[in-house]
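S.K.: Just dropping this structure here.
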């Protein structure tokens, strides 16, 4: 409009001037507030029409506007005035313009201007006056209504942020203006006005400059309406909703619990994110916020909340529904296992070093999260074992076998335990010998059940590792005597290892509250309902029900995690959490060194999970890396020792990790033996008796004894790779006799005095002295309370049942664990400084760090005992200079190489020391001139098991399996060795003899002067010895049958035919399939099998390996008959029917194999031709769906369409206009105007009347 003064536009950086330099050339019609308008024909002053250089229509004296129906080519001029000049030029720039008179209005053919110029227009004077009069009358009667839809949003312009108040005009076809008022909420709750303006636009801008308007302000805009012709009459006002200008934190939950659950934290910005001036790529535009947590409270420092990251990036994205950027992080409560009450933690955030003044001093409004404490509980299974449930109920379990100790019904967590006979002479007694714990995909086994009582050490193995990431921590204390496996949920299993087995301590996190089952009971705070069976029924509280309760949780052979690893649900990568608090104290976070004072700091990214606070007061050594993500998955737990030949002196205080990979080098079976073979082996051994065990213990129920390893033991193999298949894991299982032995029914209860004469009073005095007067009992007695009485009772029961005073100290480790638990739950490890232990009494710290006060043979340091010279072990109880003594070798020094891998021998005695200098001296004996001659000694590896047992490596040349040794028929053994042990490499023990012999052809006895006796039931073929039933190494069809021939091979008349492995389901295919299926068969003797097809479709082929290939071109089912033969020509005939399904694809579709189903299922997919879709190609695709014909009618076809065009349009898609003027559609002499889809005729010639198509004169119609 000519009245539109643009000077105020030039003073605002928000609304730009009107510039037509990018106008699209074409015909235009002018309207002002829906009123017809035309270009002015007189000079327009500068700074009008919303631009600096207004363009008007210049008419020379000889020119005029066109008449109706006429077009004229005229000239438009742009007005301009140069700076510092007082004169203006009304026609400095000239622009050609064509004008067409359409009768009621003008059309202008306009071109883009050369610079920032704008075409002007003004309302027709006559019509303007008429409308003005009507307008004045209307205003006198009524006020204009208020504007609607007021909304405040933020916009970004050249790096600056503006708030835009937009509204909807309440009056149509009228000229109205608006008064817009900006305000914000002040700290006292009142609204403070910021700015007011009057405009004809339906929007207003306000800059967020950081001074007058800042981030964090709550802004409103209010507007009223007025008619432009009567600006003094204001209508009622309307106000927008509150607009928060800044960033908000939206937590998913304001109250959370220490249960390991994660929660979403949304960070949203209502204002656009600007780019840094140093950013070159717009994709890199982001604002980084630092996030911090602060916990309220005075007693406990450190945050109870962890975040998935300590910073969050808000990226520059288009604003949508008031949100200009959004990012998500996660938060979780710290499971600190401390009863520190419900605490409030604030989450705070602020921009990180932003050079923009607007953001520099901005701090987001914090949010408060309440972290609630949850119950935690411990379960103990100690010595015999005596169990204390999660709720504190005590009972005894003297049964042997495999049991469910702890099972969560809320998540995938289980702990299986094995109990073996642990040496009671007169009454049933069992001890824990291993456990397997499973959480999700992590399965950890700590097991010594595959060995012999007092002779074996536990092996820790990672049977399965969660692909979602490492979430298990394994630590050791007291040089491997205490091993703890902690899972990501905070649950842990701790084993206190002894030579008779292990005692177990289990911790249940709060997430398992009211969700546990098993021998540890139901964790709900009520000890009276602990005896639930697997059907969740409560057993009655009588002894028979206790026995039934224990039996209910027995795991059958082959079903436990010891024998196999059950499949776990698919897991996703576990989110890592870190503490974003600058003052979080963490006590002795486990690492590869004993560090009591970790360094504080705030991590920007989380590389490990800190949502479980693994605090400990007992010094620990983190050995996780030795088992997790290592090729050495199976390792023996070795004692950690210090430098200088295992002697930790006052000058060597560093706790050095000297753990080694202990190869299993026992007498192990070289061949797989069926479980039945184990039973037969055990029975055969029982017939001979176990003289050494009988010397040590009185005979009681020999069927429940554990026998020497050679009679049943299958070695736990070590795989040199990390990814283990299920088949490999099945190889980890071993025969556990207690799973197969009949349950012993106790007929008589133990009584006093014991067979050795121990009285109840003597037992009580001994237990009182050992437990209550121990270093941990004295130091922590006040905290332990009634638990000391429990351990004394356990001690008395152990002495009565086992009649062995060495069991008196078996429960001290329970006191250590319970004392540490009490301190951690009470929060005494929390201090102001990082890792401050000042609240913990020094006497208790010393008792936990240094058991038995270092036996008075050392001094107590922060990391444990520093032993004086000449002493070692975790409690300095072992004398280094003790002379080792061998009492016997495993299996009386005999090893049958036919049955065992005789690459090592277990040596029993006393005085063995764990040190780098521990060696075995092996001397081979050769028979010459009628006597055994000593050869050159060899030093071999010694694996320390205990101070009473060592494994010695045998030189490789004679320790190989029997397949690589020529077993010549002779009475001399395969090899004889002298074995000695040295702790320091200088002083050696006495000598014992190891004899390797061929058990198939020879019988050897201990002390037989080195010679064996030849068996009669053997074959001597080609100078080699074979036992009855031995197969020919090159042909399974031949075997040794001494009753037929002792010098030649005999035919294997008992050869079994191959066994065909039939598929469980009926085989199916479909017509047209290239059917490929692999048949499987195996031979009982292990020889190769060959397939041969006997009958079937003519074009079917069956390979010797059993691969069937058949191009299916029939519609009916077919039968295949084939034979399977082995190397000895034993044959199996098989008939298989294959059902043929028709291909039901329609409209020319073809069937292809559906690879998501196994071969032989007959499942197929339809490949549809062009124009069809659907499961069976039954749907004709609607090609008219995209409306390709425009104004025409679309007719759908097969993979195509056709168009029927209306009159005036033509072409394939009806997009071409028919020029009716070319065919003379109008009356001759009448101007024809062609338009899209139609045409228009001009006025009739003078003297005629009509619409231009038809003209008439004086009542006559002319054509």
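Numbering (UniProt numbering), first residue to last: 1 to 1263.
Glycine included, C-beta positions come from ideal geometry on N, C-alpha and C.
(1) Under DSSP, the alpha helix (DSSP H) around residue 815 begins and ends at which residues?
(2) Considering Cα atoms alone, identify which of 402, 505 and 1085 is closest to residue 383.
(3) Please report how far the alpha carbon of residue 515 lies from the alpha carbon of residue 400, in whole angstroms.
(4) Under DSSP, the alpha helix (DSSP H) around residue 1234 begins and ends at which residues?
(5) With H, G and I counted as helix, E and B as strand and the rest as coil, what does DSSP make of residue 310?
(6) Of the choices 903, 512, 1103 and 764, whose alpha-carbon is the least far from that of residue 805?
(7) When the distance is taken between beta carbons, is residue 342 closer than 8 angstroms to residue 1349?
(8) Tell me which residue opens and which closes the beta strand (DSSP E) that residue 218 is part of.
(9) Check the C-beta distance from residue 307 over to residue 286 and give it rounded, since I have them as a contact under 8 angstroms.
(10) For residue 1136, which residues of its own chain have a beta-carbon under 6 angstroms away from its beta-carbon, when the five flanking residues on both sides are left out?
(11) Return helix, strand or coil for residue 428, following the three-state DSSP convention.
(12) Taking 8 angstroms as the cut-off, decide whether the C-beta atoms of residue 106 and residue 99 are in contact.
(13) Determine the direct distance from the alpha carbon of residue 1211 to that of residue 1203, and round the result to whole angstroms.
(14) What does the Cβ neighbour count give for residue 92, buried or exposed, with the cut at 16 atoms within 10 Å?
(15) If you run the structure through DSSP and keep just helix, strand and coil, what is residue 945?
(16) Considering Cα atoms alone, identify which of 429, 243, 1001 and 199 is closest to residue 152.
(17) Does any heavy atom of the ligand HEM sit closer than 7 angstroms to the C-beta of residue 534?
(18) Are the CB atoms of residue 791 and residue 815 nearer to each other than 8 angstroms?
(19) What does the alpha-carbon distance come out to for the pair residue 1257 and residue 1250?
(20) For the region 436 to 456 against the region 400 to 418, are there 3 or more C-beta pairs whose distance is under 8 angstroms?
(21) If we count Cβ pairs, one from each stretch, closer than 8 angstroms, do we get three or more for the region 343 to 350 versus the region 230 to 243?
(22) Can you give the beta carbon distance from residue 495 to residue 483, rounded, assuming they're within the 8 angstroms contact cut?
(23) From 1156, 1155 and 1146, pick the residue whose C-alpha is nearest to that of residue 1172; which is it?
(24) Pairing CB atoms from the region 217 to 225 with CB atoms from the region 323 to 334, are three or more of them under 8 angstroms?
(25) Short check: CB of residue 165 to CB of residue 150, under 8 angstroms?
(26) Would the beta-carbon of residue 1047 fall within 8 angstroms of that of residue 1020?
(27) Please report the residue range of the beta strand (DSSP E) in which residue 325 lies.
(28) With burial defined as no fewer than 16 other Cβ atoms inside 10 Å of the residue's Cβ, what is the status of residue 986: buried or exposed?
(29) Can you tell me which of the three DSSP states residue 186 falls into?
(30) Within 10 Å of its beta-carbon, does residue 1167 have 16 or more other beta-carbons around it, so buried, or fewer, so exposed?
(31) Throw me the rounded Cβ distance for the residue 246 and residue 406 pair, which I believe falls under 8 angstroms.
(32) I'd like to check one pair, residue 1057 with residue 1126: are the Cβ atoms closer than 8 angstroms?
(33) For my contact list, residue 855 and residue 611 are in at a C-beta cut-off of 8 angstroms; report their separation, rounded to the angstrom.
(34) Pull up the distance between the alpha-carbon of residue 481 and that of residue 618, whole angstroms please.
(35) Indicate whether residue 615 and residue 824 have their beta-carbon atoms separated by less than 8 angstroms.
(36) Tell me the residue span of the beta strand (DSSP E) that contains residue 483.
M.R.: The answer reads as follows:
(1) Segment 812 to 825, the alpha helix (DSSP H) holding residue 815.
(2) Ranking 402, 505 and 1085 by CA distance to the CA of residue 383 puts 505 first.
(3) Near 26 angstroms, if we compare the C-alpha coordinates of residue 400 and residue 515.
(4) Not the alpha helix (DSSP H): residue 1234 falls in the beta strand (DSSP E), residues 1232 to 1235.
(5) Here DSSP, grouped into helix, strand and coil, assigns residue 310 to coil.
(6) Of the candidates 903, 512, 1103 and 764, 764 places its Cα closest to the Cα of residue 805.
(7) This structure does not reach residue 1349, given that the chain is present from 1 up to 1263, and the question cannot be answered.
(8) Annotation for residue 218: the continuous beta strand (DSSP E) segment containing it runs 218 to 227.
(9) That belief does not hold up - the Cβ atoms of residue 307 and residue 286 are roughly 18 angstroms apart, past 8 angstroms.
(10) Closer than 6 angstroms at Cβ, skipping near neighbours: 1120.
(11) Looking at residue 428 - three-state DSSP - the assignment turns out to be coil, as it is neither helix nor strand.
(12) Using a Cβ distance threshold of 8 angstroms, residue 106 and residue 99 count as a contacting pair.
(13) Rounded to whole angstroms, residue 1203 to residue 1211 spans 9 angstroms at the Cα level.
(14) Burial is judged here by how many other beta carbons sit within 10 angstroms of a residue's own beta carbon; residue 92 has fewer than 16 and is exposed.
(15) In the structure shown, residue 945 sits in a strand (DSSP, three-state: E or B).
(16) The candidate whose alpha carbon is nearest that of residue 152 is 243.
(17) Ligands displayed in this structure: none; no statement on the ligand HEM is therefore possible.
(18) Remark: C-beta atoms of residue 791 and residue 815 approach each other more closely than 8 angstroms.
(19) Cα-Cα distance, rounded: 9 angstroms.
(20) In short, these stretches touch, since the Cβ pair count reaches three.
(21) As far as the Cβ criterion goes, the region 343 to 350 does not touch the region 230 to 243, which means the pair count is below three.
(22) Indeed they touch by this definition, with Cβ atoms about 5 angstroms apart.
(23) Among 1156, 1155 and 1146, the Cα nearest to that of residue 1172 is on 1146.
(24) By the criterion of at least three beta-carbon pairs nearer than 8 angstroms, the region 217 to 225 is not in contact with the region 323 to 334.
(25) Yes, they are a contact pair.
(26) For residue 1047 and residue 1020, yes; Cβs fall inside 8 angstroms.
(27) Annotation: the continuous beta strand (DSSP E) that includes residue 325 extends over 325 to 333.
(28) Label assigned to residue 986: exposed.
(29) In the displayed model, residue 186 falls within coil according to three-state DSSP, outside both helix and strand.
(30) Under this definition residue 1167 is an exposed residue.
(31) No, residue 246 and residue 406 are not in contact; Cβ-Cβ is about 49 angstroms, not under 8 angstroms.
(32) Cβ atoms of residue 1126 and residue 1057: closer than 8 angstroms.
(33) Not quite, the Cβ-Cβ distance comes to about 40 angstroms (not below 8 angstroms), so this is no contact.
(34) Rounded to whole angstroms, residue 481 to residue 618 spans 12 angstroms at the Cα level.
(35) In this structure, residue 824 lies closer than 8 angstroms to residue 615 by Cβ.
(36) First-last of the beta strand (DSSP E) with residue 483: 482 to 486.
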